[in-house]
Amino acid sequence: LHYRAEAFVRIARVKLEMGDLMGALMLAEEVTPHLNASGSAKLHGDALMVQADVLFELMQKTRDDSKAFLQLLGEAGKVLDRAIEQYEAIADLNRLRRCHYLPARV
3 LHYRAEAFVR IARVKLEMGD LMGALMLAEE VTPHLNASGS AKLHGDALMV
53 QADVLFELMQ KTRDDSKAFL QLLGEAGKVL DRAIEQYEAI ADLNRLRRCH
103 YLPARV
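Shown next as structure tokens:
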């Protein structure tokens, strides 16, 4: 189960890098509940970061629509808070730094 979940997270990241935002988001959201069972905080945090990255990309595309922008911003904040919890559990300072850096970009 762990290797399959890790593969899904990596594929979601690749989809994001290739510009398939919705495919990346769907895959990351699909695998996230299964990561609770695997117990890997790093992998869970990575899946949440894919979701946050997609949400930030979508925010860039909806800058003109303030309602959609604010809705995406709120959702990204929730996802980042959950990722921070995961990374704090394993004291991953580099990933924590990134979690705090992303909202500062907006």
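Numbers in the numbering used here are just positions in the sequence shown, counted from 1, shifted up by 2. No residue lacks a Cβ here, since even glycine has one placed at the ideal position from N, Cα and C.
Rounded C-alpha distance that separates residue i from residue j
| i | j | result |
| --- | --- | --- |
| TYR89 | GLY47 | 6 Å |
| ALA49 | ILE86 | 12 Å |
| ILE92 | ALA9 | 21 Å |
| LEU95 | ALA43 | 13 Å |
| THR64 | VAL56 | 12 Å |
| TYR103 | ARG97 | 10 Å |
| ALA2 | ARG84 | The structure shown does not extend to residue 2, since the chain spans only 3 to 108, so no value can be given for it. |
| ALA7 | CYS101 | 21 Å |
Residue i - DSSP class collapsed to helix/strand/coil
| i | result |
| --- | --- |
| ASP55 | helix |
| ALA85 | helix |
| ALA93 | coil |
| ARG65 | coil |
Selected residue, minimal CA-CA separation from residue i, among the options
| i | options | result |
| --- | --- | --- |
| PHE71 | PHE58, LEU82, ASP83 | PHE58 |
| GLU31 | ALA78, GLN62, LYS69 | ALA78 |
| TYR5 | LEU27, LEU45, ARG100, GLN73 | LEU45 |
| LEU29 | SER68, MET20, VAL52 | VAL52 |
| GLY21 | VAL33, THR34, GLN62 | GLN62 |
Cβ pair residue i, residue j closer than 8 Å
| i | j | result |
| --- | --- | --- |
| LEU23 | LEU75 | no |
| ALA26 | LEU37 | no |
For residue j and residue i, believed in contact at Cβ under 8 Å, the rounded distance
| i | j | result |
| --- | --- | --- |
| ALA54 | VAL81 | 5 Å |
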